[in-house]
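Trainee:
In my numbering, the protein residues as written are 169 to 437.
Dropping the structure here:
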């Protein structure tokens, strides 16, 4: 059975659900807020569209689902007011695999719309949110329909189990693990790297066809830290355990620099 048919986060709102166990993912989204703002403001200052297409790939379900959508709406509202332009129509597409708990998302939409109108007024009565089930390792949207694409803590999931994880005798080379570790053989590392290269290349090719010229993407990755430097000779006899996780956030470079446009300022206590 294909990964796309069976993979999903734990549904519902129970103690073991994704909704109750996604604090780390929420923090990663918040870290990238300033980069998201820079990208969205760049779009509006370069070529202000009448209808803005936005996609959040790997949206999952629960309290994190609408965080990035709400942030983008805040940025669009503030930038439109600053430029003296009417608020553009917003087309927000929430994507995840078919097994995702889309029912949870749809049930939360009425409250989302209600809060939006209370906070922003009638100017946001042209915000349309839809669910798009399917793998982002392939086409999901019509050609040139998206201005901004966001994906956080999702692209480390591969489209399939890499090939070549068994020896010639059929023995698992990474036995007991569903991931790479310091003890994984080189052949296993190369298999995962090869699969990621194929998947990510297809991801970029698909988005290139779906995005308008000058569109922006913000992608957040979970990545291992660089190897630590070797300890001094006098300490090498002591066992050392190092556990760390880092995040790398990247954006696609714009085709040209946007004209000067002031951004909102964040204030931190």
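All C-beta atoms in this analysis are idealised placements derived from N, C-alpha and C, irrespective of residue type, glycine included.
Which runs of the beta strand (DSSP E) at least 3 residues long sit entirely within the segment 299 to 341? Give them in chain order.
Mentor: You should have 314 to 320.
Trainee: Taking its Cβ as the centre, do 16 or more other Cβ atoms sit within 10 Å of residue 339, making it buried, or is it exposed?
Mentor: Per the 10 Å Cβ criterion, exposed.
Trainee: Which complete alpha helix (DSSP H) runs does the segment 199 to 271 hold, if anything under 4 residues is left out?
Mentor: The segment 199 to 271 contains these whole alpha helix (DSSP H) runs: 201 to 214, 235 to 251.
Trainee: So, are the CB atoms of residue 231 and residue 270 less than 9 Å apart?
Mentor: No, the pair does not count as a contact, with Cβ atoms beyond the cut-off.
Trainee: Count Cβ pairs between the segment 326 to 335 and the segment 343 to 363 that sit closer than 8 Å; are there 3 or more?
Mentor: A contact exists between the segment 326 to 335 and the segment 343 to 363.
Trainee: Between residue 318 and residue 244, is the Cβ-Cβ spacing less than 9 Å?
Mentor: Contact flag unset, no.
Trainee: Would you decide whether residue 256 is buried or exposed? Buried here means 16 or more other CB atoms lie within 10 Å of its CB.
Mentor: When all chains shown are included, residue 256 counts as buried.
Trainee: Determine the burial state of residue 346: buried for a count of at least 16 other Cβ atoms within 10 Å of its Cβ, exposed for fewer.
Mentor: Exposed, since its Cβ has fewer than 16 Cβ neighbours within 10 Å.
Trainee: CB-CB under 7 Å to residue 233, same chain, minus the five flanking residues each way: which ones, in chain order?
Mentor: Contacts found: 227, 262, 273.
Trainee: Going by DSSP in three states, residue 346 sits in which element: helix, strand or coil?
Mentor: DSSP places residue 346 in coil when its eight states are reduced to three.
Trainee: Which of the three DSSP states is assigned to residue 278 in this structure?
Mentor: Note: residue 278 maps to helix in three-state DSSP.
Trainee: Check this for me: beta carbons of residue 384 and residue 316, under 9 Å apart or not?
Mentor: Contact: yes.
Trainee: By DSSP's criteria, residue 297 is part of a beta bridge. Which residues make up the other side?
Mentor: Residue 297 pairs with 260.
Trainee: By Cβ distance, which residues of its chain are closer than 6 Å to residue 220, with the 5 residues on each side in sequence left out?
Mentor: 256, 258, 315, listed in sequence order.
Trainee: Can you look up residue 380 in the DSSP assignment and give me helix, strand or coil?
Mentor: Here residue 380 sits in strand by DSSP.
Trainee: Rounding to the nearest angstrom, what Cα-Cα distance links residue 297 and residue 279 in this structure?
Mentor: Straight-line Cα distance between these residues: approximately 13 Å.
Trainee: So the candidates are 381, 208, 236; which of them puts its Cα closest to the Cα of residue 312?
Mentor: Per the Cα distances, 381.
Trainee: Taking the beta carbon of residue 249 as the centre, do at least 16 other beta carbons fall within 10 Å, making it buried, or is it exposed?
Mentor: Exposed: under 16 other Cβ atoms inside 10 Å.
Trainee: Under the rule that 16 or more other beta-carbon atoms within 10 Å means buried, what is residue 306, buried or exposed?
Mentor: It is exposed - the Cβ of residue 306 has fewer than 16 other Cβ atoms within 10 Å.
Trainee: For residue 304, count neighbouring C-beta atoms within 10 Å of its own C-beta (all shown protein chains included) and say buried if the count is 16 or more, exposed if not.
Mentor: It is buried - the Cβ of residue 304 has at least 16 other Cβ atoms within 10 Å.
Trainee: Between which residues of its own chain and residue 218 is the CB-CB distance below 8 Å, once the five residues before and five after are set aside?
Mentor: Around residue 218: 256, 257.
Trainee: Does DSSP put residue 352 in a helix, in a strand, or in coil?
Mentor: Here residue 352 sits in coil by DSSP.
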